[in-house]
Structures are given as structure tokens and as C-alpha cells.
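Visitor: Numbering (UniProt numbering), first residue to last: 1 to 390.
1) Can you tell me which of 86, 346, 253 puts its alpha carbon nearest to the alpha carbon of residue 66?
2) Would residue 154 be called buried (16 or more neighbouring beta carbons within 10 Å of its own) or exposed?
3) Per DSSP, what are the beta-bridge partners of residue 126 in this structure?
4) Return the first residue and the last residue of the alpha helix (DSSP H) that residue 326 is part of.
5) What is the DSSP secondary structure of residue 247, reduced to helix, strand or coil?
6) Measuring CB to CB, does residue 199 end up less than 8 angstroms from residue 191?
7) Do you know offhand how far residue 94's Cα is from residue 123's?
8) Taking contact to mean 3 or more Cβ pairs, one atom from each stretch, closer than 8 angstroms, check whether the segment 311–318 and the segment 353–366 are in contact.
9) Nearest to residue 391 by alpha carbon, out of 330, 255, 168?
10) Please report the residue range of the beta strand (DSSP E) in which residue 281 lies.
11) As a quick exercise: from 278, 245, 290, 231, pick the residue whose alpha carbon is nearest that of residue 69.
12) Please report the Cβ distance between residue 406 and residue 278, rounded to the nearest whole angstrom; I am assuming they are in contact, meaning their Cβ atoms lie under 8 angstroms.
13) Taking contact to mean 3 or more Cβ pairs, one atom from each stretch, closer than 8 angstroms, check whether the segment 113–123 and the segment 82–96 are in contact.
14) On the three-state DSSP scale, how would you describe residue 379?
15) How long is the line joining the alpha carbons of residue 230 and residue 290, rounded to whole angstroms?
16) How many angstroms separate the CA atom of residue 353 from the CA atom of residue 307?
17) Mind checking residue 323: buried by the 16 CB within 10 Å criterion, or exposed?
18) Can you tell me which of 82, 180, 342 puts its alpha carbon nearest to the alpha carbon of residue 265?
19) Using a 10 Å radius around the Cβ and a threshold of 16 neighbouring Cβ atoms, would you call residue 252 buried or exposed?
20) What residue does the beta strand (DSSP E) around residue 171 start on, and which one ends it?
21) If you scan the segment 82–116 from start to end, which runs of the alpha helix (DSSP H) of 4 or more residues do you find wholly inside it?
22) Can you tell which of 167, 335, 339, 276 has its C-alpha closest to the C-alpha of residue 286?
23) Closest to residue 262 by C-alpha separation, out of 276, 321, 106, would be which residue?
24) From what residue to what residue does the beta strand (DSSP E) around residue 302 run?
25) Run the CB neighbour count on residue 205, radius 10 Å, all protein chains shown included, and call it buried at 16 or more, exposed below.
26) Checking the sheet assignment: what are the DSSP bridge partners for residue 397?
27) So, with DSSP's three-state summary, where would you put residue 311?
28) Taking only three categories from DSSP, how would you classify residue 140?
29) For residue 288, which residues of its own chain have a beta-carbon under 7 angstroms away from its beta-carbon, when the five flanking residues on both sides are left out?
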């Protein structure tokens, strides 16, 4: 296995292979998917962690690119999901991927060992970065305690609302139906699980679903040797980079300013802006109130936009980095280009830079180098057999 891991890793630009024993991680490795991944990591500044339990545990870190596609950054195979293994994984991530960058946002489940490891590290605590919870996991844990599907749905609605007034309204409804359910959610730090209190760190990402989709791809490989798992990860990542590099070139040929995701969202909100009514207030702050058009069951809502601060009370501009329909209406009123307000990480050139790195094919086993190290198994975690058996 040593030679296989070395062959897979050392021939790829930007890859790290660390098979040294660490805490309870007797056979561990971390793999930075590619040097090009770092552009996306900085671009969205978003990490996702998930662990699937097999004979060993598989940990992974992914990000989102500017087209809202999952981008593998790092993975590790450890003995089990524990505080020491999470601490080791975060240390390797800090050393090889984050590298002192600030403004990182980590989204994960609420595993006790992971939370403890995050609190002890500098990268995801103020003022360096933040830690957020996967909303789907919060709702699942909530339902395990409350055991009420209707309230679980309300929990999801509360966590996914971008507007504070709508969040408060849903929480009042939960309190009306079940005081204990309200108390359960109220004791969780609202910044950790709600979009309305997040402050724009999540970039619109509420769950670790994108990380779990990779888990699904690897499901059939869980009983394979670690070297096979590494090879599957490499092949999958190479495929991602190859196909997305082609897609990026097509975007350039079409003279797109932004990725497909950003273009679609910007145009959709641009069309909605036509129906709004705007009242200008402060030229210095470029602020205004915007009233939406009345429709059958909703509308006639008032939102406050401050272009100078790049914020709208609807919360969407702050989350997605794309001017919402209300912001675009106010931009028009002040003769400002709304397109200039779109975040740089949606730029097509940034997308192409993300996938500009290449991978080298792995040669036949006859050409593999001697890894010059030997894995040492930890005898303290040896599987106990029945007495009398060898």
C-alpha cells in the first residue's frame, strides 16, 4: 500500500501524503485535491466536512466553485471518528490548505469531537473564521428529540429564512405548538444554524449535502483497500477538473462575464426588479426603500437597500454576493451598474483559474518508486479476538 499511495500522490501537483501515526490515526493520509483547488477555496472560503463509517472512517473537505459545483479539497482515512482524529485532520488542513488565510467558514454536523477540535484550532474561531452547523443535521437531531415531523419542517423553514421577521414568525409558531421544541432550538446559537443570523458567511450554503454526494460515489468502495480508495478519489477529481475546464472554455467563448449559476440568478432578479417601486433616501449612502408588487398571496413588502454597504434587508445579496432584485432596482435609480456589484468569485476567469491545473497519469507499478518508509501499526487498537484463537 505504501508504494501505491506514494505513486498516486507524488505524481500529482499540489498533493500531500502523510502516513505518519497521529493520535488514534494509525494509518492516515490527507490529500489536497489539486493546487487549483486553492483558488476555489479562497474564492468561496467555505469548507464542508462529512464522515462515513466503514471498517475505518473516511473524512473529507470540499468547497464550492463559482458555478455552485462541489470541489474536492482534501480527504483522510482514519481509524474512527474521534476528537483526536478530527484534531489531526484540521491540523493537516490548516498546514497544507488554509495556510494562514483568514475569513474561512466551516460547515459541518455537530459531532462532539469535531466541535471540540474546531474550538481549539485558530482557523474557524473569531477573528480568523467561523464555524456553522449543517441545517439538515440540526433538523434531524431536533426531530430525534421532539419526534414531530410538522415541527421538523418548521425548523427547516426557520433555519433557511434569510429575513429576520420571517424567522421570528416561524419561531413564534413553533413556540405556540410546543414550548419544549422552541426551547430546544432557542438554546442553539442562532448564528450557527440560521441564515437570518449568519452574517453572509455561508454564501447561501445551508447543508453539507454537496459533501455527502461524494460519499455516495464512494459507497461501493468502502470495503476496498485504502490504495483503491485513493485511486478512485484521484480518478473522480481528474474527471471533475477535465470536464469543468472544458465548460469554462465554453463560457469564455460565449463572452460570459460570470458562471452559468451567477448569470441565471442575476437575470432572474433583474426581471423581477422591473415590478418593484423605489423611493430614494440618501445619496451619500445610496439608500432607498423598495416595495414589491402585490400578487395573489404575497407582495407589497418593503425592503431597505444600502448600496454603499452592499446590503438589502431581504438578506439574499449578503448571502449570495449577487445584487438581489431590490438592489438592482436601486442601482438603476442611482445610475449605478448592478453588474459591478457581483462578487469576483463568480467571474469566468476565476472559474477557469480554478481548473487550470493538470494531473499526471500514474505509470505502471513496475515504475513506482520505493516509498522509503514503513507504516507502524498501533498495538493498542488491535482487534480483540476470542480466547484460544490466533
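Backbone N, C-alpha and C fix where the C-beta goes; we use that ideal spot for every residue, glycine too.
Guide: Once the coordinates are examined:
1) 346
2) buried
3) Its beta-bridge partners do not exist; DSSP assigns none.
4) 325–333
5) Correct three-state label for residue 247: helix.
6) yes
7) 7 angstroms
8) no
9) What the structure shows of the chain is the stretch from 1 to 390, and residue 391 is not part of that stretch, so it cannot be assessed.
10) 277–282
11) 245
12) Shown here, the chain extends from 1 to 390; a query on residue 406 therefore has no answer.
13) yes
14) helix
15) 53 angstroms
16) 29 angstroms
17) buried
18) 342
19) exposed
20) For residue 171, no beta strand (DSSP E) segment is defined; the enclosing uninterrupted segment is the alpha helix (DSSP H) at 164–177.
21) 83–93
22) 335
23) 321
24) 302–306
25) When all chains shown are included, residue 205 counts as buried.
26) Residue 397 is absent from the model: the chain starts at 1 and stops at 390.
27) strand
28) helix
29) 278, 279, 280, 281, 305, 330, 333
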